[in-house]
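>
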Amino acid sequence: SMAERQRALAEEILRDPAVESLSSFIGIDGVNTTLNSGRIQINLKPLDERRIFATDVIRRLQAGLARIPGITLFMQPVQDLTVEDRVSRTQYQYSLEHPDPKELAVWVPRFLEKLRSLPELTDVASDQLNQGLQVRLRIDRDTASRLGITPQMIDDTLYDAFGQRQISTMFTQLNQYRVVLEVQPHFKDEPQDLDRIYLRTAAGGQVPLSAFCRLEESAVPLSVNHQGQFPSVTVSFNLAPGASLGAAVRAIEAGRKEIGLPIAFQAGFEGTAQAFQASLQGEWLLILAALVTVYIVLGVLYESYIHPITILSTLPSAGVGAVIALMICGQDFSVIALIGVILLLGIVKKNAIMMIDFALDAERREGMAPREAIYQACLLRLRPILMTTMAALLGGVPLALGSGVGSELRRPLGITMIGGLLFSQVLTLYTTPVIYLAFDRLARRRPVPQPPAAAPGSEAHA
182 SMAERQRALA EEILRDPAVE SLSSFIGIDG VNTTLNSGRI QINLKPLDER RIFATDVIRR
242 LQAGLARIPG ITLFMQPVQD LTVEDRVSRT QYQYSLEHPD PKELAVWVPR FLEKLRSLPE
302 LTDVASDQLN QGLQVRLRID RDTASRLGIT PQMIDDTLYD AFGQRQISTM FTQLNQYRVV
362 LEVQPHFKDE PQDLDRIYLR TAAGGQVPLS AFCRLEESAV PLSVNHQGQF PSVTVSFNLA
422 PGASLGAAVR AIEAGRKEIG LPIAFQAGFE GTAQAFQASL QGEWLLILAA LVTVYIVLGV
482 LYESYIHPIT ILSTLPSAGV GAVIALMICG QDFSVIALIG VILLLGIVKK NAIMMIDFAL
542 DAERREGMAP REAIYQACLL RLRPILMTTM AALLGGVPLA LGSGVGSELR RPLGITMIGG
602 LLFSQVLTLY TTPVIYLAFD RLARRRPVPQ PPAAAPGSEA HA
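182 is the number of the first residue of the sequence shown in this note's numbering; add one for each residue after it.
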């Protein structure tokens with residue numbers, strides 16, 4: 182039974198040294214919609230006792246739980262902040278909608294088969310429940326009419342046997358109890374038990390239900406979910422170890438096109454995966470807006486169209502360093518990593534600002550040549566450049582190496598800062614003077630507009 186199988190899961194889970202306790206629920210509640218499903222809430226020991234993250238505990242539990250037959254457990258870490266509007270079996274969801282439930286019944290199994298073959302995904306499942314059994318009673322109306330049995334009599338008899346008809350109420354001093362009419366539990370285990378139901382004929386005798394009814398069994402959905410008033414199926418999945426969400430999104434879209442899903446289907450990601458897609462679509466606009474803002478501010482500050490580009494030339498090296506650091510540490514380019522890149526836009530360019538600000542001031546106030554001005558800027562600004570870079574870099578070390586609660590969320594931010602600062606620090610000390618001189622020559626080659634010459638014969642009057 183469902184209770185026995187779920188009890189076996191609970192016993193296996195409690196054997197794990199990282200698990201402190203659990204709560205088990207079976208049947209229909211605010212999350213489950215069918216009787217053949219359940220929930221298990223696993224409470225882990227504090228992080229300083231178990232020494233591993235929740236995702237590592239899940240991977241360790243999956244190996245033992247997969248050996249329990251007849252039941253499948255889907256696990257996901259509980260998030261304090263989440264963007265999902267529904268409770269799902271796994272961490273990520275993909276929804277399919279179609280006006281015809283029969284089309285969903287045909288295409289969803291094909292889509293699931295394709296997703297299960299993708300190495301980027303694991304725990305692929307759906308909320309489509311098409312394995313329910315239904316029994317129809319086909320009444321031989323001629324035979325029932327000869328026996329004097331009407332459809333209303335059949336309906337009343339079946340309701341008395343299986344419908345939990347309330348026939349009375351017992352009152353006590355403290356409470357009241359409903360009296361329910363039904364057959365004994367062992368008489369309603371199988372469809373064949375309907376043959377034991379007898380009805381009274383017009384002649385006063387009794388005949389079994391099978392004398393004028395025929396049973397027909399068929400498969401029906403246990404439930405049909407809807408989204409936006411259309412029948413829908415939600416496909417849930419987790420990421421395989423080492424796979425990134427971006428790679429999984431691309432693989433799912435490629436798989437959908439490969440199986441030839443009809444255009445009548447409305448398909449799209451939900452929850453966290455949908456938020457990730459939205460962030461990918463808007464991140465380049467966000468970075469571009471930040472660059473334009475920085476360019477305008479620097480252009481006004483230095484009264485130049487050229488040298489703000491010199492300062493912005495330090496940013497690509499920071500982005501490359503951040504991506505390389507994430508790859509070395511095995512981290513995904515997540516939204517937190519994107520925040521780190523935007524933070525680098527403000528930190529990294531201060532190296533070039535320190536040098537170019539000094540060089541421009543030396544050119545304009547002291548009349549130095551551009552080469553000498555940028556050379557002196559590099560000599561005199563090296564110490565503050567190193568001091569500010571080390572201050573920011575060391576500030577990211579606790580984020581990258583932290584091991585407390587929530588450290589896995591902050592780690593990409595620290596790795597992005599450290600990698601971007603190190604890589605840009607090494608390059609910009611050499612590339613910024615070169616780019617400054619190149620742009621300075623370009624600016625000097627531009628013709629300077631001359632005032633118009635006075636017309637011949639014209640005179641000036643006081």
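Using N, Cα and C, we set each Cβ at its ideal position, and we do this for glycine too.
Remember, predicted model here, so these are calculated numbers, not experimental data.
Indicate the three-state DSSP secondary structure (helix, strand or coil) for Val360 in the structure shown.
For the purposes of this step, residue 360 is identified with residue 179 of the sequence shown, where counting begins at 1. In the structure shown, Val360 sits in a strand (DSSP, three-state: E or B).
> Taking the alpha carbon of Gln447 as the point to measure from, which residue in Leu467, Val289, His279 and Leu225 has its own alpha carbon closest?
Working through the sequence shown from its first residue, we reach residue 447 at position 266. Of the listed residues, the one whose Cα sits closest to Gln447 is His279.
> Check whether the Cβ atoms of Phe620 and Ile490 sit closer than 8 Å, and answer yes or no.
As a first step, residue 620 must be located in the sequence shown, where it is residue number 439. As a first step, residue 490 must be located in the sequence shown, where it is residue number 309. Contact: yes.
> Could you pull the start and end residues of the alpha helix (DSSP H) that Glu185 belongs to?
As a position in the sequence shown, residue 185 is number 4, starting the count at 1. Where Glu185 is concerned, the enclosing alpha helix (DSSP H) stretches over Met183 to Leu195.
> Any chance you could list the alpha helix (DSSP H) runs of at least 4 consecutive residues sitting entirely within the stretch 192-256, in chain order?
Correct list: 228-231 and 235-246.
> Is the Cβ-Cβ distance between Thr597 and Gly521 less than 8 Å?
The residue labelled residue 597 in the question sits at position 416 within the sequence shown. The residue labelled residue 521 in the question sits at position 340 within the sequence shown. A contact, by the Cβ cut-off of 8 Å.
> For Thr415, which residues in the same chain have their Cβ closer than 6 Å to its Cβ, ignoring the five residues on either side in sequence?
If you number the sequence shown from 1, residue 415 lands on position 234. Within the same chain, Thr415 has close Cβ partners Gln274, Ser276 and Asp308.
> I believe Ser498 touches Thr613 by the beta-carbon criterion, under 8 Å. Please report the beta-carbon distance rounded to the nearest angstrom.
Numbered from 1 along the sequence shown, position 317 holds the residue referred to as residue 498. Numbered from 1 along the sequence shown, position 432 holds the residue referred to as residue 613. Rounded, the Cβ-Cβ distance is 10 Å, inconsistent with contact.
> Do you know whose CA, among Leu390, Leu302, Pro290 and Trp288, lies nearest Ile335's CA?
Residue mapping note: residue 335 aligns to position 154 of the sequence shown, counting from 1. Nearest of Leu390, Leu302, Pro290 and Trp288 to Ile335, Cα basis: Leu390.
> Relative to the C-alpha of Asp321, which candidate in Val504, Cys394, Thr569 and Arg231 has its C-alpha closest?
As a working mapping, residue 321 is identified with position 140 in the sequence shown. Checked all of Val504, Cys394, Thr569 and Arg231; the closest Cα to Asp321 is Cys394.
> Find the nearest neighbour of Gly576 within the set Leu561, Leu560, Gly511 and Gly595, judged by alpha-carbon distance.
Along the sequence shown, one-based indexing puts residue 576 at 395. Of the listed residues, the one whose Cα sits closest to Gly576 is Gly595.
> Where do the ends of the alpha helix (DSSP H) carrying Ile378 lie?
Walking along the sequence shown from the start, residue 378 turns up at place 197. First-last for Ile378: undefined, no H or E at that position.
> Taking the beta carbon of Pro290 as the centre, do at least 16 other beta carbons fall within 10 Å, making it buried, or is it exposed?
Taking the sequence shown and counting its residues from 1, one reaches residue 290 at position 109. With fewer than 16 Cβ atoms within 10 Å of its Cβ, Pro290 is classed as exposed.
> Could you give the first and the last residue of the continuous beta strand (DSSP E) run that contains Tyr126?
For residue 126 there is no data in the structure shown, the boundaries of the chain being 182 and 643.
> Taking just the CA atoms, how far does Ala543 sit from Glu640?
Translated into positions along the sequence shown, residue 640 becomes position 459. Translated into positions along the sequence shown, residue 543 becomes position 362. Confidence is the limiting factor: at Glu640 the pLDDT is only 47, short of 50, which leaves the residue's position unreliable, though a coordinate-based value still follows. Between Glu640 and Ala543, the C-alpha separation is close to 41 Å.
> Excluding sequence positions up to five away, which residues of its chain have a Cβ less than 8 Å from the Cβ of Ala191?
Locating residue 191 in the sequence shown gives position 10, counting from the first residue. Short of 8 Å from the beta carbon of Ala191, and not among the five residues preceding or following it, lie these beta carbons of its own chain, in chain order: Leu203, Ser205 and Ile221.
> What does Arg545 pair with, by DSSP beta-bridge criteria?
On the sequence shown, position 364 is the one that residue 545 refers to. According to DSSP, which records beta bridges pairwise, Arg545 is partnered with nothing at all.
> In chain order, what are the residue ranges of uninterrupted beta strand (DSSP E) at least 3 long that sit wholly in the stretch 413-472?
447-451
> With 16 as the cutoff for other CB atoms within 10 Å, does Thr353 come out buried or exposed?
By one-based count along the sequence shown, residue 353 stands at place 172. Classification of Thr353: exposed, given that the 10 Å Cβ count is below 16.
> Quick check on His367 - is its C-beta less than 8 Å from some C-beta in chain B?
Although the question refers to chain B, the structure presented lacks it and comprises just one protein chain.
> Decide if Asn224 is buried, meaning its Cβ has at least 16 other Cβ atoms within 10 Å, or exposed.
For the purposes of this step, residue 224 is identified with residue 43 of the sequence shown, where counting begins at 1. Exposed, since its Cβ has fewer than 16 Cβ neighbours within 10 Å.
> Assuming Gln345 and Glu371 are in contact, meaning their beta carbons sit under 8 Å apart, how far apart are those beta carbons, in whole angstroms?
What you label residue 345 is simply residue 164 of the sequence shown in a count that begins at 1. What you label residue 371 is simply residue 190 of the sequence shown in a count that begins at 1. With a Cβ gap of about 19 Å, Gln345 and Glu371 do not count as contacting.
> Take Gln315 as the anchor and find which of Ser399, Lys531, Arg552 and Ala471 has the nearest alpha-carbon.
As a working note, residue 315 is residue 134 in the sequence shown. The shortest C-alpha separation from Gln315 is found at Ser399.
> Using a Cβ-Cβ cutoff of less than 6 Å, which residues in the same chain neighbour Gly329 once the five nearest sequence positions on both sides are dropped?
Working through the sequence shown from its first residue, we reach residue 329 at position 148. Closer than 6 Å at Cβ, skipping near neighbours: Thr382 and Ala383.
> Pull up the distance between the alpha-carbon of Leu691 and that of His488, whole angstroms please.
What is shown of the chain runs 182 to 643, which leaves residue 691 out entirely.
> Please determine if the stretch 238-251 and the stretch 427-445 are in contact, where contact requires at least 3 C-beta pairs separated by less than 8 Å.
no
> Between the stretch 557-572 and the stretch 468-485, are three or more C-beta pairs nearer than 8 Å?
Because the criterion of three Cβ pairs below 8 Å is not met, the stretch 557-572 and the stretch 468-485 do not touch.
> Taking the DSSP output, what are the residues bridged to Leu496?
As a first step, residue 496 must be located in the sequence shown, where it is residue number 315. Answer is none; Leu496 lacks a bridge partner.
> In this structure, how does DSSP classify Gly313 when only helix, strand and coil are distinguished?
Locating residue 313 in the sequence shown gives position 132, counting from the first residue. Three-state DSSP puts Gly313 in a strand.
> Taking Cβ to Cβ, would you say Arg297 is nearer than 8 Å to Gly251?
The count along the sequence shown starts at 1 and reaches residue 297 at position 116. The count along the sequence shown starts at 1 and reaches residue 251 at position 70. Result no, Cβ atoms of Arg297 and Gly251 do not sit closer than 8 Å.
> Might you give, ordered along the chain, the residues of its own chain that have their beta carbon closer than 7 Å to the beta carbon of Pro422, omitting 5 neighbours on each side?
Taking the first residue of the sequence shown as 1, we reach residue 422 at position 241. Answer for Pro422: Arg240, listed in chain order.
> Does Asp281 come out as helix, strand or coil in the three-state DSSP assignment?
Position 100 of the sequence shown, counted from the first residue, corresponds to residue 281. Residue state, collapsed to three classes: coil.
> Relative to the alpha-carbon of Gly583, which residue among Leu380, Arg232, Leu293 and Ser605 has its alpha-carbon at the smallest distance?
As a position in the sequence shown, residue 583 is number 402, starting the count at 1. Minimum Cα distance to Gly583 is reached at Arg232.
> Taking just the CA atoms, how far does Gln272 sit from Tyr379?
The residue labelled residue 379 in the question sits at position 198 within the sequence shown. The residue labelled residue 272 in the question sits at position 91 within the sequence shown. So the alpha carbons of these two residues sit roughly 52 Å apart.
> In whole angstroms, what separates the C-alpha of Leu525 from that of Thr495?
Translated into the one-based positions of the sequence shown, residue 525 becomes position 344. Translated into the one-based positions of the sequence shown, residue 495 becomes position 314. Taking the straight line from one Cα to the other gives about 10 Å.
> In the DSSP output, which residue or residues are listed as bridge partners for Leu561?
Counting from one through the sequence shown, the residue named residue 561 turns up at place 380. DSSP, once it has assigned bridges, lists no residue as partnering Leu561.
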